[in-house]
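So in our numbering, the last spot in the sequence shown is 1012, and the numbers never skip. Positions of the beta carbon are idealized from the N, C-alpha and C atoms, including for glycine. The structure appears right after this line, and notes come after that.
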Amino acid sequence: MKKNNNLLEIPNINSKDAKIKELIYDVDDSLFNKVNYSKKELEHLCVCSGGTTSSCAKDGFTTLDLRKNYSKIHFDKESKLVTIGGGVIMGDLINHLEKHNRSFPIGLSKLPGAGYILTGGVSPLSRAHGLAIDNIESIKGFLGNGKFISLKKDQISPGKQLIWEAIKGAAPFFSIITEIGLKTIQSNPIEIIEGFVNLNELSEIIKLSEGFPENISLQWIYAQKIYIYIFAELKNYSEDKRTKEYLILLEKFPALEKNFYENFNVINFFPKELDLYELNANNHSEVISLLGEDLENDIPIFIKCLNEIMDNKPNNSCYIASQQLGCKTKQLIHGSSFFVHRNSTWKPWIYASWKKHDLQERKVVMDWMYNSWSILKRFFPNIHLAQLHNHLNSHREELTLAFGNRIDELKTLKNIFDPQNILPPL
Ligand SMILES: Cc1cc2nc3c(=O)[nH]c(=O)nc-3n(C[C@H](O)[C@H](O)[C@H](O)COP(=O)(O)OP(=O)(O)OC[C@H]3O[C@@H](n4cnc5c(N)ncnc54)[C@H](O)[C@@H]3O)c2cc1C
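See the structure below:
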């Protein structure tokens, strides 16, 4: 996408390179009156918030870029709720909340935009504070038929209940969200135990982590080598015997070091300096995110499979990584949503990257991604639809594995509220 009117560049390189048809900034009637989206097979409106995915701009498609006109952030000191525009990126949200000693369960990067929240939002804080969608208090926006909607968590009429639930996890298919009200959380000190480990150590640490209390989570990345982060939110630490017991167990891993942070807002995961994977602006990429339950006795076989996958890695940019959910994300206290795989403990993702325009390498790399997915399916049978892949052959299967028994309800909503297929297809 061209740099336009001082807008930020698109972080995703595939989208940045796209030769788009038109760039628009406002959600108004003309957007919905256009009859041309469904003329060409599968053409639809692309929506850009953080611009971190390969689906926010495409060759020959129109992009609605929310970053220019939907970028406001307002924190209400009394209610401690924050209201953000649909084009706000998570780094700006966190920086704003930092001024008020508050935080929000953002993911491992500050780059993603509202797409992070609307597709679920898995954070190192999620085991204690839920997914990002669990913290949505209100939304404003437009359905694909142009109808304005404004919903508040405690005031949902029975007729709007299904829309409210579907916004939480499946919004991009039938709505354009221009404003989100979010609960914020108190900022607490954080301890991180991090460093390189070998496969045997990863195996031991995964085993340990499946017993972690809700304030501790494990995240790891296996690129050239394996790097882990054990993240602990220290609430009432002096009285927290269980947290101390777990953190002491990690002292036996010699390469791991302890770091303390004032709060979650100031942490940068996987920084460039660690040189964990090849960051290449000349590469294009796709990412697929999986979901699965505790590995328990399958840890050794999982580690064997991971080793096999990494042995077949086609280049140094590709990697596998994982985040840990559980505890609060397994509870239904936040109300029903379209993030249906609530029993999940692990969200691994496969990052597949190739030299742009090298179609031969693309094929090899995508084959590796799909092959790795099929190997990992026995442990992680479901999908976290954090990236929309309607341009890939796997889209249909991903939809089924993401929305499970709610896929028909989503199709019904799509038929009613986006009858022209203006928004990404199901
Ligand atoms: C470096 C990095 C780290 C990440 N870490 C995590 C993590 O820790 N946890 C996690 O859960 N995910 C993580 N993700 C995944 C990320 O949250 C999702 O891919 C998310 O969809 C990206 O949203 P975006 O707004 O940045 O992307 P965009 O490309 O702008 O949007 C993605 C899709 O969402 C839709 N969309 C975006 N905004 C709106 C809106 N306001 N209304 C309607 N539809 C909208 C668009 O249709 C678009 O196709 C990470 C991604 C990256 C690149």
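For the segment 662-727, the continuous beta strand (DSSP E) assignments of 3+ residues that do not extend past its boundaries occur at 667-671, in sequence order. The continuous beta strand (DSSP E) containing Gly781 extends over residues 776-783. The distance from the Cβ of Leu881 to that of Lys933 is about 13 Å, inconsistent with a contact at the 8 Å cut-off. If you draw a straight line from the Cα of Gly732 to the Cα of Asn619, it comes to about 8 Å. For Asn866, the closest C-alpha among the options Glu608, Ser761, Cys904 is that of Cys904. For Lys933, the beta-bridge partners assigned by DSSP are Gln909.
In this structure, Gly707 has its CB closer than 7 Å to one or more heavy atoms of ligand 1. Annotation for Glu995: no beta strand (DSSP E) segment contains it, though the alpha helix (DSSP H) segment containing it runs 993-1003. DSSP places Phe925 outside both helix and strand once states are collapsed to three, so it counts as coil.
The shortest C-alpha to C-alpha distance from Glu859 to any of Asp678, Tyr813, Lys602 is the one to Tyr813. When the five nearest sequence neighbours on each side are left out, the beta carbons in the same chain lying within less than 6 Å of the beta carbon of Lys811 are those of Phe782, in order along the chain. Taking the CA atoms as reference points, Thr770 sits about 32 Å from Lys997.
When the five nearest sequence neighbours on each side are left out, no beta carbon in the same chain lies closer than 7 Å to the beta carbon of Lys830. The continuous stretches of alpha helix (DSSP H) do not include Thr638, and DSSP gives it neither H nor E. Between the segment 756-768 and the segment 700-712 there are three or more inter-stretch CB-CB distances shorter than 8 Å, so the stretches are counted as touching.
Annotation for Glu780: Tyr815 place their beta carbon closer than 6 Å to its own, counting only its chain and skipping 5 residues before and after. Beyond the five residues adjoining it in sequence on each side, Glu864 comes within less than 6 Å, by CB distance, of Asn902, Ser903 in the same chain, given in chain order. Ser795 sits in a helix when the DSSP states are folded into three classes.
Distances from the CA of Glu790 to each of Pro1005, Val708, Ile749, Glu837 were compared; the closest alpha carbon is that of Glu837. In the displayed model, His981 falls within a helix according to three-state DSSP.
Here Asp645 has Ala604, Lys605 as same chain residues with Cβ atoms under 7 Å from its own Cβ, once five neighbours each way along the sequence are excluded.
Within the model, the alpha-carbon separation for Glu800 versus His943 is close to 44 Å.
A distance criterion of 7 Å places the beta-carbon of Ile763 in contact range of ligand 1, judged by its closest non-hydrogen atom. In terms of side-chain proximity, the C-beta atom of Ala756 is found no nearer than 7 Å to any non-hydrogen atom of ligand 1.
The beta carbon of Glu723 sits closer than 8 Å to the beta carbons of Leu667, Lys738, Lys739, Gly767, Leu768, Lys769 from its chain, once the five residues preceding and following it are set aside; these are given in chain order.
In this structure the segment 905-924 lies against the segment 800-809, because at least three pairs of beta carbons, one per stretch, are closer than 8 Å. Restricting attention to Pro744, Lys607, Leu683, Leu617, the CA atom closest to the CA of Gln1006 is found in Leu617. Counting of Cβ neighbours within 10 angstroms places Asp1004 among the buried residues, the total reaching 16 or more.
C-alpha of Ile735 to C-alpha of Glu984: approximately 28 Å in a straight line. Checking the DSSP bridge columns, you'll see Thr649 partnered with Leu609, Cys632. Secondary structure in the segment 859-887: the beta strand (DSSP E) runs of 3 residues or longer, each lying completely within the stretch, are 869-877 in chain order. By the Cβ rule, the segment 704-718 counts as touching the segment 681-695, because three or more pairs are nearer than 8 Å. Distance from the C-beta of Asn598 to the nearest heavy atom of ligand 1 is below 7 Å.
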